[in-house]
Amino acid sequence: MASHGKGSLLKGIDGSQPAAGAAKSAGAKGSSAERKNKIVAIVCVVLLLALSVFIVTSFLGGETAASTSEVRAVIDSESGELIEKFRLPEGKSFPYVNPKTGRNTLYLAEPCFWAKDGTIKVHPTWVLLNEFAGKSGPTICPDCGKPVKSHNPYPVIR
Ligand SMILES: [Zn+2]
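Counted from 1, the sequence shown has number 96 at position 97 by numbering that gives the first Met the number 0; the numbering is strictly sequential.
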């Protein structure tokens with residue numbers, strides 16, 4: 000209601016000031032028509048935005064699906080180097096080529112979220128499984144001393 004009053008006031012400025020009652024009804028009529036136009040304009044803009052967002056996301060989605068693959072943490076079995084964000088080459092299985100050495104020595108790292116004191120860490124210790132490191136026996140986390148296995152489970156505190 001306050002905005003109605005403002006609108007009619009502004010309208011009244013350019014013409015001669017009509018009677019209070021006439022101004023009120025004329026102002027209300029004008030602002031409701033204006034409001035309709037505004038709503039139509041806003042709806043158009045929103046629709047256009049939604050359409051462009053849809054086009055952009057579908058385009059990007061198609062592109063990412065085509066050109067990118069999974070990003071995982073890997074460890075070099077020779078140097079022990081950890082690469083936390085390694086883009087897995089598409090259609091290839093491990094060991095992956097280490098771009099630094101050119102050698103096929105990168106294996107998927109397993110995350111261990113256990114902290115030494117039995118709590119859960121936000122950033123895991125990344126562990127290379129013994130089977131990939133060429134060692135026998137169960138893999139032990141160098142940080143907390145707990146066993147680590149393939150698809151290492153997230154800790155459950157009992
Ligand atoms: Zn651990």
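Glycine is no exception: its CB is placed at the ideal position from the N, C-alpha and C atoms. Just so you know, these numbers come straight off a predicted model, no measurement behind them.
(request) To the nearest angstrom, report how far apart C32 and V44 are at their CA atoms. (result) In the sequence as presented, Cys is not what sits at residue 32; that position holds Ala. Going from the Cα of A32 to the Cα of V44 covers about 18 Å.
(request) Measure from the C-beta of N36 to each C-beta in chain C and report whether the shortest distance is under 8 Å. (result) No chain C is part of this structure, which consists of one protein chain only.
(message) As an exercise, report each continuous alpha helix (DSSP H) stretch of at least 4 residues that is fully enclosed by the region 117 to 144, in chain order.
(response) 129 to 132
(request) Please indicate yes or no: does the CB of T124 lie closer than 7 Å to some heavy atom of ligand 1? (result) Yes, the Cβ of T124 comes within 7 Å of a heavy atom of ligand 1.
(request) Could you tell me which of P98, R86 and A108 sits nearest to C140, measuring between CA atoms? (result) A108
(request) Can you tell me which of the three DSSP states K84 falls into? (result) strand
(request) Can you give me the start and stop residues for the beta strand (DSSP E) that T104 sits inside? (result) N103 to L107 is the span of the beta strand (DSSP E), which, as asked, contains T104.
(request) Taking A72 as part of the beta strand (DSSP E), name the residues at either end of that continuous run. (result) V70 to D75
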